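Peer 1: First to last, the sequence lines map onto chains A and B. Those letters in the first sequence? Residues 1 to 331, by the numbering used here. Those letters in the second sequence? Residues 1001 to 1291, by the numbering used here. Beta carbons are placed, not taken as given, at the ideal position from N, Cα and C, and that holds for glycine. It should be emphasised that the depicted structure is a prediction, and the values quoted were computed from it without experimental measurement.
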Amino acid sequence: MSRMDKKLKSYSINIGAILVIYILLTLLMKFGIINSYYEVIVISIGINIIMATSLNLATGYLGQLALGHAGFMAVGAYVSAICTSHMNLPDTLQLIVSILVGGIVAGLFGILVGIPALRLKGDYLAIITLAFGEIIRVIILNLNITGGARGLKGIPLLTSFNSVYWITIIIVAIIYTLIHSRHGRAIISIREDEIAAESVGIPTTYYKNFAFSLAAFFAGIGGGLYAHYYTVLDPGSFDFMRSIEILIIVVLGGMGSLTGSIVAAIVLTILPQLLMDFADWRMLIYSIILVIMMLFRPEGLFGKKEFSLITLLKGKQHAFNPTPNSHGRSE
Amino acid sequence: MTFLQQLINGIHVGSIYALIALGYTMVYGIIKLINFAHGDIIMMGAYITFVSLIMFNVPIWMAVIIAILICLISGILIERIAYKPLRNAPRISARITAIGVSLFIENLFFKIFGGNPRPFPVLIDPTPISLGSLQISMVTIVTIVVSILLMIALDLFVKKTKTGKAMRAVSEDHGAAQLMGINVNTTISITFAIGSMLAAVGGILYSTAYPQIDPFMGMMPGLKAFVAAVLGGIGIIPGAMLGGFIMGIAESFTKGYISSQLADAVVFGILILVLSLKPSGIFGKNVKEKV
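1) Once DSSP output is grouped into helix, strand and coil, what is the label at A/Leu-247?
2) Can you tell me whether A/His-69 is buried or exposed, with buried defined as 16 or more other CB within 10 angstroms of its CB?
3) If contact means a Cβ-Cβ distance below 7 Å, which residues of the stretch 1268-1286 of chain B contact chain A?
4) Using a Cβ-Cβ distance under 7 Å, would A/Asp-234 count as near chain C?
5) Thinking C-alpha only, which one of B/Thr-1097, B/Tyr-1017 and B/Met-1220 is nearest B/Asn-1035?
6) Contact defined as beta carbons within less than 8 Å: I believe B/Tyr-1017 pairs with B/Ala-1166. What is the distance between those atoms, to the nearest angstrom?
7) Report the rounded CA-to-CA distance for A/Ala-149 versus B/Lys-1032, giving the unit in angstroms.
8) Could you check whether the Cβ of A/Ile-127 sits closer than 7 Å to any Cβ belonging to chain B?
9) Under 9 Å between beta-carbons, which chain B residues line up against A/Leu-290? List them in chain order, please.
10) Use the C-beta contact count for A/His-327: other C-beta atoms within 10 angstroms, 16 or more gives buried, fewer gives exposed.
11) Is it the case that the stretch 1145-1161 of chain B contacts the stretch 1037-1054 of chain B, given that we only count it when at least three CB pairs across the two stretches are under 8 Å?
12) Find the residues of chain A that neighbour B/Lys-1255, judging by a C-beta separation of less than 7 Å, and give them in chain order.
13) In chain A, which residues lie with their C-beta within 7 Å of the C-beta of B/Lys-1111?
14) Can you name the residues that DSSP bridges to B/Gln-1212?
15) I need the boundaries of the beta strand (DSSP E) containing B/Leu-1134, first residue and last residue.
16) Taking the alpha-carbon positions, what's the B/Val-1064 to A/Gly-133 distance?
17) Within the same chain, show all residues whose beta-carbon is closer than 6 Å to that of B/Phe-1192, passing over the 5 residues directly before and after it, in chain order.
18) Please confirm whether A/Asn-142 has its beta-carbon closer than 7 Å to some beta-carbon of chain B.
19) What is the DSSP secondary structure of A/Leu-95, counted as helix, strand or coil?
20) At the level of alpha carbons, what is the spacing between B/Ala-1229 and A/Ser-36?
21) Quick check: does the Cβ of B/Ala-1089 come within less than 6 Å of any heavy atom belonging to the ligand GTP?
22) Do you know offhand how far B/Pro-1211's Cα is from A/Gly-303's?
23) Kindly list the residues whose CB is nearer than 6 Å to the CB of B/Val-1101, restricted to its own chain and excluding five residues on each side of it in sequence; keep chain order.
24) Does any CB atom of chain B fall closer than 7 Å to the CB of A/Thr-323?
25) Anything in chain A within Cβ reach of B/Asn-1009, meaning under 8 Å, just list it in chain order.
26) Under the rule that 16 or more other beta-carbon atoms within 10 Å means buried, what is A/Lys-30, buried or exposed?
27) At the 7 Å Cβ level, is A/Met-29 part of the contact set with chain B, yes or no?
28) Going by Cα to Cα distance, which pick from A/Tyr-229, A/Val-251 and A/Lys-9 is closest to A/Ile-155?
29) So which of A/Ile-34, A/Leu-301, A/Arg-297 and A/Ile-248 has the shortest CA-CA distance to A/Ala-52?
30) So what does A/Glu-39 bridge to, in DSSP terms?
31) Decide if B/Met-1197 is buried, meaning its Cβ has at least 16 other Cβ atoms within 10 Å, or exposed.
32) With 7 Å set as the bound, which would you pick, yes or no: does the beta-carbon of B/Ile-1092 sit closer than that to a beta-carbon of chain A?
33) Going by beta-carbon coordinates alone, are B/Phe-1253 and A/Ile-135 separated by less than 7 Å?
34) In terms of alpha-carbon separation, which member of A/Leu-271, A/Ile-23 and A/Met-255 lies closest to A/Ile-45?
35) If you draw a straight line from the C-alpha of A/Thr-212 to the C-alpha of A/Leu-93, how long is it?
36) Using a Cβ-Cβ cut-off of less than 7 Å, give me the residues of the stretch 1058-1087 of chain B that come near chain A, in sequence order.
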């Protein structure tokens, strides 16, 4: 089989799987097996997948610790909500325009935060994003347009299961194709060895900013979807703990594994709902998981591998494929 | 006159930030890691003082010593358990561990004491002394004097003692220091111990100035102190002191003249400015990286 055919086959298998899951979930919702309570969970899973895969781009693939992802989500949520309240388009178009505007503004904030921190080597991005996440809440609390501490109410309900599902698929697909492109290899090479990457002519500052602001852009889109689903925004829901919840999904799933992030997002969204006691102890358990994972299995549960349907169907022993790394898989 | 008043307030909080920043800068200098848990040592210091005063009714001086000792031991333990195994691991692993440790301490205290803020007992008589129209409280005087004495002591320790010399050597080059017969692990432990001790004192002084404690109180002063350390030049001890005072004064003037709610945003502005203009900090030298 030629390479083209192979690619075509793998694409069709994946698209088929996406459609099957979509039809399955839609049917389950139609027949009420997934009731409105479960639907909230399904939509939270989608939003968490967007947040986690985008953070994975910055932390897993680029190798920069970002601690303010909830801040970008907040920017996206508030900007898109305000955008919706000032426009009057048909529902679906309005949602798309609003979340795009929210995402772009979040991405601009990403550039603003990233430029000073990312041209330097070292820990600066961690601290600047941490500060950003905290400060953006203070700013939202003190602005009139965001409703301050009372929160922003009365956002029209535009997000539905359909929109979350397809936007999640699109974002994951974009990140996946980006990572497997020339630009993705440049981003990964920075993680592996920044000096070596620079010495082979990769513009490291450019790629660091590019990956980080793209992550912020997707986080903004996630925030926009969140705003138009919950219809009420409160600055408290975008605090540091939320950034940590997203980080733990990435760490648990494996830094540098998109499928790992997806699986971890599903598990960590459902788990607190199932175990009420767990919800109580959640943050303490999360913090212990962070330390233990780093000490004993820093690559996460999936490591840098991706789960692949194609290899699974072929019956090979390894359904996990390593993502291309700087050691260069040229195929 | 209000200008002078704000300046004194600024020096007051600034000296606390400076104490905390010293711990950050020393640890960063020696293992090149932001010790995110440092902010939580501040909180621990405050809580342990609170518990020993309220629950065990010990005298103030003893409560302070107990707090310092427990923080010192925790600092060493944190390094031994969480950071030491990762010394040669990728940087991002160590950073995530540091965040994990910080969250662990916060949520542990949250579980034990609950999330409600508690009033911190009065350690120092709060009635201010009036100098003309200037009001200086005893708290301010004690804070500034204690901080400056500790800074002088630290400076002498690092410059004059053998251990201090070892600390400087290790921060320059682990391998070479080891070859000279310096026990690198002990030196790093001592650095954490001193940093945590200063943070404990900083935490107690901070809670005396803002007498309300909660499990997450360490985050903001920790962040500000870190910015102070970057402002002065990370890894440089006099830089952390100067950075702390500048941060305190900047914050106090923002509160006094612009808006008290934007004081936290000023921290962020300063961080962005420093990183954009002179990332090596005020006292920093521009070091070329060698491959």
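Peer 2: Concretely, from the data shown:
1) helix
2) buried
3) Phe-1268, Leu-1271, Ile-1272, Leu-1275, Ser-1276 and Pro-1279
4) In the structure shown, chain C cannot be found, because the protein chains are A and B.
5) B/Thr-1097
6) B/Tyr-1017 to B/Ala-1166, Cβ: 27 Å. No contact.
7) 38 Å
8) yes
9) Ile-1096, Thr-1097, Ile-1099, Gly-1100, Val-1101, Leu-1103 and Phe-1104
10) At A/His-327, the pLDDT of 40 sits below 50, so the modelled position is not reliable and the matter cannot be decided from this model.
11) no
12) Going along chain A, no residue has its Cβ under 7 Å from B/Lys-1255, so there is no contact; the nearest lies around 13 Å.
13) Leu-284
14) B/Pro-1119
15) 1134-1137
16) 33 Å
17) Gly-1075, Ile-1076 and Glu-1079
18) yes
19) helix
20) 50 Å
21) The ligand GTP is not part of the structure shown, which contains no ligands of any sort.
22) 46 Å
23) Ala-1037, Ile-1078 and Ala-1082
24) Its pLDDT being 48, under 50, A/Thr-323 is placed unreliably by the model, and nothing is read from it.
25) Residues of chain A passing the Cβ test: none, with the nearest at roughly 20 Å.
26) exposed
27) no
28) A/Tyr-229
29) A/Ile-248
30) For A/Glu-39, which the question treats as bridged, DSSP gives no partner whatsoever.
31) buried
32) yes
33) no
34) A/Leu-271
35) A quick correction: the sequence has Phe, not Thr, at residue 212 of chain A. If I take the Cα positions, the gap works out to 27 Å.
36) Ala-1082, Pro-1085 and Leu-1086
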